[in-house]
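Novice: Quick note: the sequence shown uses my numbering, first residue 7, plus one each step.
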Amino acid sequence: MRSPTWPPVPSSFYLEVIAMKEAQGISIQTLGSEHVDVMRAMLGMFGEAFGETATYTAAQPDDAYLQRLLASDAFFAIAALAEGQVVGGLAAYLLPKFEQARAEIYIYDLAVAQPHRRRGIATAMIEQLKHIAAARGAYVIYVQADHGDDPAIALYTKLGIREDVLHFDIPLERG
Numbered sequence: 007m008r009s010p011t012w013p014p015v016p017s018s019f020y021l022e023v024i025a026m027k028e029a030q031g032i033s034i035q036t037l038g039s040e041h042v043d044v045m046r047a048m049l050g051m052f053g054e055a056f057g058e059t060a061t062y063t064a065a066q067p068d069d070a071y072l073q074r075l076l077a078s079d080a081f082f083a084i085a086a087l088a089e090g091q092v093v094g095g096l097a098a099y100l101l102p103k104f105e106q107a108r109a110e111i112y113i114y115d116l117a118v119a120q121p122h123r124r125r126g127i128a129t130a131m132i133e134q135l136k137h138i139a140a141a142r143g144a145y146v147i148y149v150q151a152d153h154g155d156d157p158a159i160a161l162y163t164k165l166g167i168r169e170d171v172l173h174f175d176i177p178l179e180r181g
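#1: For Gln91, tell me which candidate among Asp43, Ala97, Ile147 and Gly38 has the shortest Cα-Cα distance.
#2: Taking three-plus beta-carbon pairs below 8 angstroms as touching, is the region 110-117 in contact with the region 46-56?
#3: Just how far apart, CA to CA, sit Ala83 and Gln66?
#4: Which residue spans inside the region 71-102 form an unbroken beta strand (DSSP E) run of at least 3?
#5: Buried or exposed: where does Ile176 fall if 16 or more other Cβ atoms within 10 Å of its Cβ makes it buried?
#6: Threshold first: 3 residues or longer. Then list the beta strand (DSSP E) segments lying entirely within the region 103-173, N to C.
#7: In or out: Phe104 buried (at least 16 other Cβ within 10 Å) or exposed?
#8: Excluding the 5 residues flanking Gly181 on each side, which residues of the same chain have their C-beta closer than 7 angstroms to its C-beta?
#9: Grab me the residues of Ala88's own chain with a C-beta within less than 6 angstroms of its C-beta, minus the 5 sequence neighbours each way, in chain order.
#10: I need the boundaries of the alpha helix (DSSP H) containing Gly50, first residue and last residue.
#11: Taking Gly95 as the reference, give the member of Ala139, His173 and Ile127 with the closest Cα.
#12: Rounding to the nearest angstrom, what Cα-Cα distance links Gly166 and Met45 in this structure?
#13: With a CB to CB cut of under 8 angstroms and the five nearest residues on each side skipped, what residues in its chain are close to Gly50?
#14: Could you tell me which of Phe174, Pro157, Arg124 and Val146 sits nearest to Leu100, measuring between CA atoms?
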């Protein structure tokens, strides 16, 4: 089955959020296939922010894989940059639905480097994703927060409606 072709996101969507963050010395950038170096820096920032450096840096895919991922209509990477350094990142996936002709977007990872937190950077990245989601025909963005991650829970409570659900990882046998 052929994947749908999504319309491009008009740059006018980003002007307000970008102007707000640029006034603070932060630029919010949606990554494309030409931004492999920024994606690698974002992976390093995720590793530090989550305390899982090996997970995010020890076995990174090659450049061709990251270029394909960043060019995909189903993956979104948004970076927050300060003086050319990645200080925040968001990775999300578009999930086409089967029960209706619409899609959902799942925020898989979202982090801001410790010295840059509590400045609205995470909110700005989510706002950028909201514009992308609307242009792609998504009807909702959803995200998981872990118990005890009070800053994330407070952010998501401010931006959305809370649902208490259970999450299960189902292991696969490796052969």
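Each residue gets a CB set at the ideal place from its N, CA and C atoms; glycine is no exception. The structure presented is a predicted model; accordingly, all values stated were derived computationally and were not measured.
Specialist: According to the structure shown:
#1: Here residue 91 refers to the residue found at position 85 of the sequence shown. Measuring from the Cα of Gln91, the nearest candidate turns out to be Asp43.
#2: yes
#3: To locate residue 83, count along the sequence shown from 1; it is residue 77. To locate residue 66, count along the sequence shown from 1; it is residue 60. Their Cα atoms are separated by approximately 16 angstroms.
#4: 81-88 and 91-102
#5: Counting from one through the sequence shown, the residue named residue 176 turns up at place 170. Exposed, by the Cβ-count rule.
#6: 109-118 and 144-149
#7: The residue given as residue 104 occupies position 98 in the sequence shown. Answer is exposed; the Cβ neighbour count stays below 16.
#8: By 1-based counting over the sequence shown, the position of residue 181 is 175. Answer for Gly181: no residue qualifies.
#9: The count along the sequence shown starts at 1 and reaches residue 88 at position 82. If we look at Ala88 and ignore the five residues flanking it on each side, its Cβ neighbours are Gly31 and Ile32.
#10: For the purposes of this step, residue 50 is taken as the residue at position 44 of the sequence shown. Residues Val42 to Phe56.
#11: As a first step, residue 95 is located in the sequence shown; it is residue number 89 there, counting from the start. It is Ile127.
#12: To locate residue 166, count along the sequence shown from 1; it is residue 160. To locate residue 45, count along the sequence shown from 1; it is residue 39. So the two alpha carbons sit approximately 27 angstroms from each other.
#13: Looking up residue 50 in the sequence shown gives position 44. Closer than 8 angstroms at Cβ, skipping near neighbours: Thr59, Tyr62, Thr63 and Val92.
#14: As a working note, residue 100 is residue 94 in the sequence shown. It is Val146.
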